[in-house]
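These notes are about the structure you will find just below.
There are 2 protein chains.
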Amino acid sequence: MVPPPPAGSESQTRQRLIDAAMELFWFQGYANTGLAQIARKADALPGSLYHFFPTKEDLLRATLEERLVRIWPDLLDPIWGKVDDPIERVFALLEGYRQGLIFMEFGGGCPIGNLALELAETHPNTRPLLAANFDNWTDAVEQCFKDASDRLPEGTDTRQLAVFVLTTMEGAIMLARTYRDFTAYDAAVTTLRDYIERLIAHGTAGEVPGARKVHSASHKRAR
Amino acid sequence: MVPPPPAGSESQTRQRLIDAAMELFWFQGYANTGLAQIARKADALPGSLYHFFPTKEDLLRATLEERLVRIWPDLLDPIWGKVDDPIERVFALLEGYRQGLIFMEFGGGCPIGNLALELAETHPNTRPLLAANFDNWTDAVEQCFKDASDRLPEGTDTRQLAVFVLTTMEGAIMLARTYRDFTAYDAAVTTLRDYIERLIAHGTAGEVPGARKVHSASHKRAR
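Protein chains in written order, with my numbering: chain A, 2 to 224; chain B, 2 to 224.
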């Protein structure tokens with residue numbers, strides 16, 4: 002966690018407003034959240050909210066900038082600290098979202114994904130910040146695949162693969178929240194794992210994708 | 002298309018209200034759409050809207066029931082009519098969403114996915130109808146994989162695979178609408194195709210998944 006600024010300071014009030022808005026936008030959506038509710042939750046006067054954030058969209062942008070910073074301490078560091086294997090880090094991250102959905106009784110989900118669909122048309126100015134958050138997440142997952150590149154087929158596009166993990170996660174969360182169970186979520190993650198295991202089985206055998214090379218099957222299945 | 006009911010009839014007014022609401026909920030979201038706007042677009046009096054749909058949620062439910070019926074004539078029949086190969090039908094469907102995003106300049110997306118994230122918490126009564134729409138879509142895609150089962154590895158879970166296509170589609174649309182380009186969308190679809198081609202390469206070779214069977218590499222790569 003980022004250490005809090007000195008008690009009672011201006012910057013502490015600003016931070017409390019951002020924290021309150023982050024949580025409310027996440028769980029209620031942007032349109033459903035009123036500025037008065039944010040000020041109340043942050044224990045701040047409405048005037049101080051307008052002082053720091055002249056418009057609701059200014060506050061939204063501040064929350065999205067904050068998420069860019071917090072992805073490591075809040076989301077990734079705790080998982081990366083527990084899991085060393087780069088491939089298993091990816092699946093531990095997906096398991097982390099699953100645990101979050103259980104804990105929140107299917108509320109919440111992905112804070113960026115929720116806002117992306119809610120605001121894609123109505124708030125075009127926030128799209129670059131939403132995209133930057135998706136990029137940040139994809140960077141971290143791509144690094145896992147780069148760290149495991151000796152196990153993947155030569156020439157694997159680690160960026161594409163990381164994007165594919167992101168689409169799987171976002172789609173799986175959407176379905177879990179709709180069905181209120183994890184059958185579809187688990188189906189997606191299981192299938193993703195099957196794909197990555199097939200890549201690894203081929204990568205370990207030294208396959209060059211697209212080269213149509215014939216090589217020993219006994220190596221290919223040695224996993 | 003479903004033939005329209007007789008002009009000027011009660012049921013025609015009801016249908017126009019449903020059509021108008023379907024389009025507005027799709028492109029603007031549920032909360033952003035007012036009943037007055039729906040009545041105006043449907044060329045109906047507000048009183049007749051309340052006559053058919055006492056609450057906004059009644060109208061929402063009617064649109065979701067309508068989508069259950071229209072998936073075939075509006076979405077699947079036109080694609081299935083043009084493409085015979087069951088695997089290529091799946092990718093033609095994903096290409097159809099891509100074309101829709103181009104045509105709508107990234108507006109719209111998946112009408113069910115949008116509502117799923119917007120209403121998951123606030124309108125629990127609509128979740129079964131959203132889930133039924135996801136089921137309908139998954140049924141159609143699963144049938145494609147069943148029709149191609151002779152090419153897939155024995156024991157392939159066609160339901161899981163169809164769910165995986167759905168999560169890929171929903172995630173890919175979310176990213177396209179945020180980035181306002183198709184790099185991420187195409188990355189996801191390309192990776193999904195790589196996975197399915199790997200399944201087919203193994204299926205054609207008669208692989209039994211999980212059996213860790215050693216077999217001829219020359220068969221495996223014969224694609």
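Every residue, glycine too, gets a C-beta built ideally from N, C-alpha and C.
For the stretch 94-127 of chain A, residues whose beta-carbon sits nearer than 8 Å to a beta-carbon of chain B comprise Phe107, Gly108, Gly110, Gly114, Asn115, Ala117, Leu118, Glu119, Ala121, Glu122 and Thr123.
The DSSP-derived three-state label of Pro55 (chain B) is coil. When Cβ-Cβ separations below 8 Å define contact, Met175 (chain B) makes contact with chain A. Phe54 (chain B) is classed as buried because its beta carbon has at least 16 other beta carbons within 10 Å across all chains shown. Within the stretch 144-170 of chain A, the residues whose Cβ lies closer than 8 Å to any Cβ of chain B are, in chain order, Asp158, Arg160, Gln161, Leu162, Val164, Phe165, Leu167, Thr168, Thr169 and Met170.
For the set B:Cys111, B:Ala188 and B:Arg15, the Cα lying nearest the Cα of Met175 (chain B) is the one of B:Cys111. DSSP places Met105 (chain A) in the coil class of the three-state scheme, outside both helix and strand.
At least one CB of chain A lies nearer than 8 Å to the CB of Arg181 (chain B). Taking a Cβ-Cβ threshold of 7 Å, none of the residues of chain A is close to Ala37 (chain B); the smallest such distance is about 18 Å. For Asn33 (chain A), the C-beta contacts it makes with chain B under 8 Å involve Ala32 and Thr123, in order along the chain.
In this structure, Ala63 (chain B) keeps its C-beta atom at 8 Å or more from the C-beta atom of Thr179 (chain A). Within the stretch 183-198 of chain A, the residues whose Cβ lies closer than 7 Å to any Cβ of chain B are, in chain order, Ala185, Ala188, Ala189, Thr191, Thr192 and Tyr196. If you compare the alpha carbons of B:Lys57, B:Phe104, B:Met170 and B:Val70 with that of Asn126 (chain B), the shortest gap goes to B:Lys57.
Using beta-carbon distances, Ala132 (chain B) counts as an interface residue toward chain A, with a partner under 8 Å. For Arg62 (chain A), no Cβ of chain B is located within less than 8 Å of the residue's own Cβ. When Cβ pairs closer than 8 Å are counted between the two stretches, the stretch 17-24 of chain B is seen to touch the stretch 32-52 of chain B, the count reaching three or more. Against chain B, the beta carbon of Arg178 (chain A) has neighbours under 9 Å at Ala117, Leu118, Ala121, Glu122 and Arg128, listed in chain order. Inter-residue distance for Leu69 (chain A) and Leu120 (chain A) is about 18 Å (C-alpha atoms, whole angstroms). Distances from the alpha-carbon of Leu77 (chain A) to those of A:Pro154, A:Gly48, A:Arg194 and A:Cys145 put A:Cys145 closest. In the structure shown, the three-state DSSP call for Asp85 (chain B) is coil. Positions of the alpha helix (DSSP H) runs, each at least 4 residues long and wholly inside the stretch 121-202 of chain A, are given as 128-148 and 159-180 in order along the chain. Interface flag for Phe135 (chain A) against chain B is set, since a Cβ pair is found closer than 8 Å.
Contacts with chain A at 8 Å (Cβ-Cβ) do not include Gly82 (chain B).
Rounded to whole angstroms, Tyr196 (chain B) and Ile201 (chain A) show a C-alpha spacing of 12 Å.
Boundaries of the alpha helix (DSSP H) around Leu18 (chain B): Glu11 to Gln29. Of all alpha-carbon atoms in A:Glu122, A:Ala177, A:Leu162 and A:Leu153, the one lying nearest the alpha-carbon of Asp140 (chain A) is that of A:Leu162. Secondary structure of Ala45 (chain A) (DSSP, three-state): coil.
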